[in-house]
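Before any comments, here is the structure.
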Amino acid sequence: MPQDVWNAALIYTRVVFLGTLGNLGYNMNAGILRGLGDSKASLWFLVVSCVSNIVFDLLFVAGFGMDVAGAALSTSIAMFISWIVSIVYIRKKFPEIQFTYLPRRFSGTMMKDILAIGLPVGLNNSLYSLGHVALQTFNNSQGAVFMAGGAVAGRITGCANIAITGLSSAATTFSGQNYGAKKYSRIKEGHWRIPLCSGLITLSFGLLFIMIHKPIIRFFSSDEMVLMYASRHIVVMLLSQWFYAIFNCIISIVNGTGKVRYTTIVNILMLWAVRIPSAYIISRYFDGTWVMLCFPISFSFGMFAMIGYYLFSPAWKEVMRMAGKKQNEGEKNLA
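Okay, here's the thing in structure tokens:
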């Protein structure tokens with residue numbers, strides 16, 4: 099890695115870690131809200147965070163010339179803003195739960211239930227992060243200009259993909275609540291509709307941002323090569339991100355029912371058996387500046403793998419069988 103890039107990465111990492119507490123606090127509060135059945139608020143908090151991030155980016159980077167440190171600082175501030183907004187919202191909207199800043203008591207049973215689902219998901223996330231460190235080496239090999247283009251593109255693609263995070267989180271809550279309440283028929287109704295809705299919204303946002311992204315990215319750089327790479331990255335990612343939207347919603351629905359083993363395996367394979375090898379092949383044997391094509395390749399693999407789970411998994415077929423049984427019982431009661 100070039101020394102100037104290394105120094106910039108070190109600065110960014112140190113500053114953005116300042117926002118870790120805000121990120122943790124927001125995600126905990128978002129989980130509470132989804133458990134209370136309020137999934138809209140979490141989505142709007144993400145919108146607030148995203149908009150805040152862009153505003154502070156423009157202020158610190160374009161206005162104050164703070165470069166990488168400004169971008170990292172804007173991210174940290176946006177994390178804390180989303181956390182603070184969520185705290186205020188919960189305390190006002192749900193006073194009956196007596197929201198406190200510290201836990202009142204420890205429950206071993208609850209911790210065991212949380213770890214049963216959380217550990218596989220956490221392992222998956224750790225391996226996912228480690229894999230992206232490996233992917234970064236392929237980006238680094240293309241030089242600082244290419245890396246700068248990817249960083250600029252990430253700002254645009256992140257905003258265009260708000261629906262993925264919001265709907266996937268809602269999907270986990272939806273399936274978890276209905277699975278726990280044994281309302282399997284509702285899971286059957288939503289297990290295709292939610293992913294398709296997420297895919298359609300993501301594709302629509304993607305097409306919109308593809309049409310308007312060029313004047314926006316000029317706020318972040320005036321270098322024509324950086325802008326070219328950023329534009330290429332944006333088009334490739336946003337034309338294929340709907341694959342990921344469908345994949346992620348299906349995984350979220352399945353995770354909500356507690357069946358996390360298969361989803362963890364698919365996530366690991368998607369990254370380590372498909373995305374990283376694809377990036378290596380593209381970088382070594384083709385034009386390395388198209389390395390971002392490894393993402394649509396892996397997205398399509400993940401989507402079809404999870405559709406296959408829906409269609410062929412005995413565990414999921416049992417959920418659908420129970421849904422049909424409950425529906426028939428309901429029809430008999432009405433008759």
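At position 95 of the sequence shown the residue is numbered 193 (my numbering), and the sequence of numbers has no breaks. Ideal Cβ placement from N, Cα and C applies to all residues, glycine included.
- Close CB contacts of arginine 359 within its chain, under the 7 Å cut and outside five residues either way in sequence, are with Pro218 (chain order).
- Taking a cut-off of 8 Å for Cβ pairs, the segment 277-297 and the segment 319-337 do not touch, as fewer than three such pairs fall below it.
- Contact between the segment 397-404 and the segment 334-344 is established, with three or more Cβ pairs separated by less than 8 Å.
- By alpha-carbon distance to phenylalanine 158, the top candidate from Ile262, Ile175, Lys357 is Ile175.
- A distance of 8 Å or more separates the beta carbons of alanine 413 and tyrosine 282.
- With a cut-off of 8 Å on Cβ pairs, the segment 343-358 is in contact with the segment 264-272, counting three or more such pairs.
- For the pair serine 147 and glycine 264, the CB atoms are not nearer than the 8 Å cut-off.
- By a beta-carbon distance limit of 8 Å, valine 364 contacts alanine 403. Their separation comes to about 5 Å.
- If you look at methionine 326, you'll find it in the alpha helix (DSSP H) that goes 322-354.
- Note that the C-beta distance between serine 239 and serine 137 is not below 8 Å.
- Closest option to lysine 280, judged by alpha-carbon separation, among Leu233, Met208, Glu416: Glu416.
- Between alanine 107 and phenylalanine 236, the C-beta gap is not smaller than 8 Å, which leaves the two residues out of contact.
- Sequence-distant partners of tyrosine 226 (beyond 5 residues in either direction) whose C-beta falls short of 7 Å from its own C-beta, in its chain, are Asn365, Leu369.
- Minimum Cα-Cα distance from phenylalanine 393 among the listed residues Ile314, Ala371, Met164, Tyr383 corresponds to Ala371.
- Annotation: aspartate 385 is outside any alpha helix (DSSP H) and is labelled neither H nor E by DSSP.
- At a Cβ-Cβ threshold of 8 Å, isoleucine 374 and leucine 233 count as neighbours.
- Rounded to whole angstroms, the separation of the alpha carbons of leucine 171 and phenylalanine 162 is 12 Å.
- Classified as buried, tryptophan 181 has 16 or more neighbouring CB atoms from the shown chains inside 10 Å of its CB.
- Between threonine 255 and leucine 367, the gap from beta carbon to beta carbon reaches 8 Å or more.
- Rounded to the nearest whole angstrom, the C-alpha separation of alanine 246 and tryptophan 290 is 38 Å.
- Rounded to the nearest angstrom, the gap between the Cα atoms of methionine 208 and phenylalanine 115 is 29 Å.
- Only exposed fits glycine 406, as fewer than 16 other CB atoms lie within 10 angstroms of its CB.
- Under the three-state reduction of DSSP output, leucine 141 falls in the helix class.
- When only Cα atoms are considered, glycine 304 and methionine 401 end up about 18 Å apart.
- Proline 394: member of the alpha helix (DSSP H) spanning 392-410, first to last residue.
- By alpha-carbon distance to isoleucine 188, the top candidate from Tyr383, Ile130, Ile315 is Ile130.
- A Cβ-Cβ contact shorter than 8 Å links serine 319 with valine 250.
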